[in-house]
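Below is one structure, written out as structure tokens; the observations come after it.
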Amino acid sequence: MSAQARITLAGPSLLTVQAAEDIEFLVKESEVLTGHAGRTFVIAGADWLTYRVHWHPIGLKVERLDVEGRVLSTQHLLPREFLGHSLIEALAAGQLFTPPVGRIG
Numbered sequence: 000m001s002a003q004a005r006i007t008l009a010g011p012s013l014l015t016v017q018a019a020e021d022i023e024f025l026v027k028e029s030e031v032l033t034g035h036a037g038r039t040f041v042i043a044g045a046d047w048l049t050y051r052v053h054w055h056p057i058g059l060k061v062e063r064l065d066v067e068g069r070v071l072s073t074q075h076l077l078p079r080e081f082l083g084h085s086l087i088e089a090l091a092a093g094q095l096f097t098p099p100v101g102r103i104g
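In numbering that gives the first Met the number 0, the protein residues as written are 0 to 104.
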């Protein structure tokens, strides 16, 4: 990871995503540690939007989730297309978070 994720007060045990290149690492880390595909990311704001991101060699699958974790919509994006996604906009604004999947530190 380019920068160490840090714990914030944005929610219970959420980590701040520091850089766009960290998303691939965080997704792969979650898949290795949990054995489940993808990783959940949260955009902190009025609605607290939740997404699950799956990393593939040719692109990403981004699922928008409801409050119960059900998939509302799915997008298949090339890496360059992902740079225009609202997750990257939230990252730039310091509003992108992810729950930890293992021990911190």
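For each residue, glycine too, the CB sits at the ideal point set by N, CA and C.
Beyond the five residues adjoining it in sequence on each side, residue 73 comes within less than 6 Å, by CB distance, of 62 in the same chain, given in chain order.
Per DSSP, the continuous beta strand (DSSP E) segment holding residue 42 begins and ends at 38 to 42. Here residue 54 has 23 and 26 as same chain residues with Cβ atoms under 6 Å from its own Cβ, once five neighbours each way along the sequence are excluded.
Residue 67 carries a coil assignment under DSSP once its states are collapsed to helix, strand and coil. Note on geometry: alpha-carbon atoms of residue 46 and residue 67 lie some 14 Å from one another.
A Cβ-Cβ contact shorter than 7 Å links residue 37 with residue 52. If you ignore the 5 residues before and after residue 44, its C-beta comes within less than 7 Å of the C-beta of 94, all in its own chain and listed in chain order. The C-beta distance from residue 42 to residue 86 rounds to 7 Å, short enough to fall under 8 Å. Under the DSSP assignment, residue 32 falls in the alpha helix (DSSP H) whose first and last residues are 19 to 33.
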